[in-house]
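A.B. asks:
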Amino acid sequence: MDINKSITTKGGAAKEREKKRIKLNVAAKSCQNIQHFFMPINKINEHDIDDPTSVSNLIMCPAKFKPNLKVVTSSDNQVIESENTSQENDTTNLEVITSSDAQVTVSSIDIHDPIHPSSLTHLNLKERILKGGYKPILSLYPRKLQGHKFRSFHKEWYKQYDWLEYSPTADAAFCFSCRMFKGNEKNSGQIDSTFFEKGFSAWYRAGEAFKKHQLSKYHLNSSTALYNYLHNTSIASKIDELHAYETSQKEIERQNNRITMNRLIDIVICLVKSGRPFRGHDESSHSVNQGLFKELVNLLSKYDTVLKKHLIEGPKHALYTSNRIQNDLIMSIHNVILQTIKINVQNSFISILADETSDVGHHEQISIIIRYFDEEKNRPIETLVSLQRLKSTTA
Numbered sequence: 196m197d198i199n200k201s202i203t204t205k206g207g208a209a210k211e212r213e214k215k216r217i218k219l220n221v222a223a224k225s226c227q228n229i230q231h232f233f234m235p236i237n238k239i240n241e242h243d244i245d246d247p248t249s250v251s252n253l254i255m256c257p258a259k260f261k262p263n264l265k266v267v268t269s270s271d272n273q274v275i276e277s278e279n280t281s282q283e284n285d286t287t288n289l290e291v292i293t294s295s296d297a298q299v300t301v302s303s304i305d306i307h308d309p310i311h312p313s314s315l316t317h318l319n320l321k322e323r324i325l326k327g328g329y330k331p332i333l334s335l336y337p338r339k340l341q342g343h344k345f346r347s348f349h350k351e352w353y354k355q356y357d358w359l360e361y362s363p364t365a366d367a368a369f370c371f372s373c374r375m376f377k378g379n380e381k382n383s384g385q386i387d388s389t390f391f392e393k394g395f396s397a398w399y400r401a402g403e404a405f406k407k408h409q410l411s412k413y414h415l416n417s418s419t420a421l422y423n424y425l426h427n428t429s430i431a432s433k434i435d436e437l438h439a440y441e442t443s444q445k446e447i448e449r450q451n452n453r454i455t456m457n458r459l460i461d462i463v464i465c466l467v468k469s470g471r472p473f474r475g476h477d478e479s480s481h482s483v484n485q486g487l488f489k490e491l492v493n494l495l496s497k498y499d500t501v502l503k504k505h506l507i508e509g510p511k512h513a514l515y516t517s518n519r520i521q522n523d524l525i526m527s528i529h530n531v532i533l534q535t536i537k538i539n540v541q542n543s544f545i546s547i548l549a550d551e552t553s554d555v556g557h558h559e560q561i562s563i564i565i566r567y568f569d570e571e572k573n574r575p576i577e578t579l580v581s582l583q584r585l586k587s588t589t590a
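Just so you know, the sequence shown maps onto residues 196 to 590 in our numbering.
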């Protein structure tokens, strides 16, 4: 078309408007039809649209280009094949093929779409679970600009994660087991609802998110509930078994902690009886001399498997070898000794002995001793109760 010839009889402003209109029409004809983005490549030529105004019609009237979906159901899963074709009317049919080759027409294609809230009851829950997750196989999934690249859902993820579902309506991924058993008692304290309510669509980190969800406590509980439900195992009884197992493991851990603590208490008593210092100048792991307490702990761990396992596999914030734990152990031993003395002197005649002496620093100290008769040993017992520094020696 000769642009200059078509505008010779018009004024200056009209010439410019006519020139721009013709250029826009020419540019629109050279643009790709928006329908081609949602159509297999071998079918693009069959639906070419010469009229540029039809591009806007596609945007304003998307109902003219609804897809036909064929759903093949089996006892294990659903496979949905989609072909994007234009329709002369505004309705969409769903062809369902069962094992008996019967065809049924349904008015909606979103019967089991994960984005819609589930209205299942205990009567039809098992039937729905046996059908498997909602896994549409599309020739082209919607692409989103995430970061600097266009990304979309990939059908290969179905093979890697058998629990994965996809919602064409929301363009998001869901977890079938978590969606079916989101009311599980074990999951009542969880708040992450991405994979069973909102849907996951951050495709740029899909691999990391899928692996993290697969190892999450919420997913493991839901998968266990799904497995037990399909194998006719009562969820309540399974929860009781799991609770009993957790209780037994905690009891084993508690017994191991007690055994470890007995070793540490024996080391403390050994150092206290001999009047030796506990700590060293440098107690770091690379120090040659970490102090008597830690050196004895390391020495005993070479020959004691329980203590060695505690130091290697135990939590690093609960090794019970710090200076504060050492002081706590000393005070605990002190309190136990006092309680034992109180029990022994009950309903017994006692005598109190007090003696004053000076230490190597020339400080006056007084020692208090209780003397009583022990019926089990059948002899008198003298027990040191306290050693206090005297501020004054005047009577």
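In this text, a Cβ means the ideal position worked out from N, Cα and C, and glycines have one as well.
Values in this document were obtained by computation on a predicted structure and should not be read as measured data.
Would you kindly work out how many angstroms separate the C-alpha atoms of SER587 and HIS558, rounded to a whole number?
C.D. replies: The residue given as residue 587 occupies position 392 in the sequence shown. The residue given as residue 558 occupies position 363 in the sequence shown. Cα-Cα distance, rounded: 10 Å.
A.B. asks: In three-state DSSP terms, what is GLU490?
C.D. replies: Residue 490 sits at position 295 when you count from the first residue of the sequence shown. Helix at GLU490.
A.B. asks: Select from GLU570, GLU577, GLU571 and ALA549 the residue whose C-alpha is nearest the C-alpha of LEU585.
C.D. replies: Locating residue 585 in the sequence shown gives position 390, where the first residue counts as 1. Minimum Cα distance to LEU585 is reached at ALA549.
A.B. asks: What is the DSSP secondary structure of LYS377, reduced to helix, strand or coil?
C.D. replies: As a working mapping, residue 377 is identified with position 182 in the sequence shown. DSSP places LYS377 in coil when its eight states are reduced to three.
A.B. asks: So, helix, strand or coil for VAL446, using DSSP?
C.D. replies: The count along the sequence shown starts at 1 and reaches residue 446 at position 251. Per the sequence presented here, residue 446 reads as Glu, with Val not at that position. Helix at GLU446.
A.B. asks: Across which residues does DSSP place TYR498 in a beta bridge pair?
C.D. replies: In the sequence shown, residue 498 corresponds to position 303, counting from 1. Answer is none; TYR498 lacks a bridge partner.
A.B. asks: Suppose only complete runs of 3+ residues qualify. What are the beta strand (DSSP E) ranges in the stretch 308-345, listed by chain order?
C.D. replies: Qualifying beta strand (DSSP E) stretches, in chain order: 339-341.
A.B. asks: With C-beta atoms as the reference, is ASP308 less than 9 Å away from ALA397?
C.D. replies: One-based indexing of the sequence shown puts residue 308 at position 113. One-based indexing of the sequence shown puts residue 397 at position 202. Not a contact, by the Cβ cut-off of 9 Å.
A.B. asks: In angstroms with no decimal places, state the Cα-to-Cα distance between PHE473 and GLY486.
C.D. replies: For the purposes of this step, residue 473 is taken as the residue at position 278 of the sequence shown. For the purposes of this step, residue 486 is taken as the residue at position 291 of the sequence shown. Near 6 Å, if we compare the C-alpha coordinates of GLY486 and PHE473.
A.B. asks: Tell me whether VAL580 sits in a helix, a strand or coil according to DSSP, three-state version.
C.D. replies: As a working note, residue 580 is residue 385 in the sequence shown. If DSSP states are grouped into helix, strand and coil, VAL580 belongs with the strands.
A.B. asks: Can you check whether the CB of LEU437 is closer than 9 Å to the CB of ASN515?
C.D. replies: As a working note, residue 515 is residue 320 in the sequence shown. As a working note, residue 437 is residue 242 in the sequence shown. Checking the displayed sequence, the identity of residue 515 turns out to be Tyr instead of Asn. No; because the gap between Cβ atoms is not below 9 Å, this pair is not in contact.
A.B. asks: Given this structure, state the Cα-to-Cα distance separating ALA513 from LYS407, to the nearest angstrom.
C.D. replies: As a working mapping, residue 513 is identified with position 318 in the sequence shown. As a working mapping, residue 407 is identified with position 212 in the sequence shown. Computed Cα separation, rounded: 28 Å.
A.B. asks: Out of GLU490, CYS465, GLY470 and ILE565, point me to the one whose CA is closest to ASP477's CA.
C.D. replies: For this step, residue 477 is matched to residue 282 along the sequence shown. The candidate whose alpha carbon is nearest that of ASP477 is GLU490.
A.B. asks: Less than 8 Å between the CB atoms is what I'm expecting for ASP569 and ILE576, so what's the real figure, rounded?
C.D. replies: Within the sequence shown, the letter at position 374 stands for residue 569. Within the sequence shown, the letter at position 381 stands for residue 576. That belief holds up - the Cβ atoms of ASP569 and ILE576 are roughly 5 Å apart, short of 8 Å.
A.B. asks: If you draw a straight line from the C-alpha of THR455 to the C-alpha of LYS511, how long is it?
C.D. replies: Sequence index remark: in the sequence shown, residue 455 carries index 260 (1-based). Sequence index remark: in the sequence shown, residue 511 carries index 316 (1-based). THR455 and LYS511: Cα-Cα distance of roughly 15 Å.
A.B. asks: Along the chain, where does the alpha helix (DSSP H) containing ASP523 start, and where does it finish?
C.D. replies: Indexing the sequence shown from 1 puts residue 523 at position 328. Start and end: 518-540.
A.B. asks: List the endpoints of the continuous alpha helix (DSSP H) containing THR419.
C.D. replies: Against the sequence shown, residue 419 aligns to sequence position 224. 412-425 is the extent of the alpha helix (DSSP H) around THR419.
A.B. asks: Would you call the stretch 327-337 in contact with the stretch 351-368, where contact means no fewer than 3 C-beta pairs closer than 8 Å?
C.D. replies: Yes: at least three Cβ pairs fall under 8 Å.
A.B. asks: Using three-state DSSP, classify ALA549 as helix, strand or coil.
C.D. replies: As a working mapping, residue 549 is identified with position 354 in the sequence shown. In the structure shown, ALA549 sits in a strand (DSSP, three-state: E or B).
A.B. asks: Would you report the Cα separation of LEU466 and SER543, rounded to the nearest angstrom?
C.D. replies: As a position in the sequence shown, residue 466 is number 271, starting the count at 1. As a position in the sequence shown, residue 543 is number 348, starting the count at 1. Distance between the alpha carbons of LEU466 and SER543: 32 Å.
A.B. asks: Note the first and the last residue of the continuous alpha helix (DSSP H) segment covering ALA401.
C.D. replies: The residue labelled residue 401 in the question sits at position 206 within the sequence shown. From DSSP, the alpha helix (DSSP H) with ALA401 extends over 401-409.
A.B. asks: Who are the near neighbours of SER496 in its chain, counting only those whose CB is closer than 7 Å to its CB and skipping five residues on each side?
C.D. replies: Numbered from its first residue, the sequence shown carries residue 496 at position 301. Excluding sequence neighbours, SER496 sits near LEU502, LYS503 and LEU506.
A.B. asks: Measuring CA to CA, which of LYS321, GLY342 and TYR356 is closest to ARG400?
C.D. replies: Within the sequence shown, numbered from 1, the residue matching residue 400 stands at position 205. It is GLY342.
A.B. asks: By Cβ distance below 7 Å, which residues in the same chain neighbour LYS572 in space, the five residues on each side in sequence not counted?
C.D. replies: The sequence position of residue 572 within the sequence shown is 377, counting from 1. So the list is empty, once near-sequence residues are dropped.
A.B. asks: Who are the near neighbours of GLY556 in its chain, counting only those whose CB is closer than 7 Å to its CB and skipping five residues on each side?
C.D. replies: Your numbering for residue 556 matches position 361 in the sequence shown. Nothing listed; no residue qualifies.
A.B. asks: Identify, in the order they occur along the chain, each residue of the same chain with its Cβ nearer than 6 Å to the Cβ of LYS433, setting aside the five sequence neighbours on each side.
C.D. replies: As a position in the sequence shown, residue 433 is number 238, starting the count at 1. Only ASN423 meet the Cβ criterion.
A.B. asks: With which residues is ASP569 paired in a DSSP beta bridge?
C.D. replies: Looking up residue 569 in the sequence shown gives position 374. The partner list for ASP569 (beta bridge, DSSP) reads ARG574.
A.B. asks: Given a cut-off of 9 Å on the beta-carbon distance, is the pair ILE462 and PHE488 in contact?
C.D. replies: The count along the sequence shown starts at 1 and reaches residue 462 at position 267. The count along the sequence shown starts at 1 and reaches residue 488 at position 293. Yes, these two residues count as a Cβ contact at 9 Å.
A.B. asks: Looking at C-alpha atoms only, which residue of GLU403, ASN452 and VAL492 is the closest neighbour of GLN521?
C.D. replies: Residue mapping note: residue 521 aligns to position 326 of the sequence shown, counting from 1. Selected option, being the one with the closest Cα: VAL492.
A.B. asks: Which same chain residues, not among the five before or five after ARG346, have their C-beta less than 7 Å away from its C-beta?
C.D. replies: In the sequence shown, residue 346 corresponds to position 151, counting from 1. Same-chain partners within the cutoff: ARG338, LYS339, TRP398 and TYR399.
A.B. asks: Are LEU421 and SER372 close, meaning C-beta to C-beta below 9 Å?
C.D. replies: To locate residue 421, count along the sequence shown from 1; it is residue 226. To locate residue 372, count along the sequence shown from 1; it is residue 177. Closer than 9 Å, so yes.
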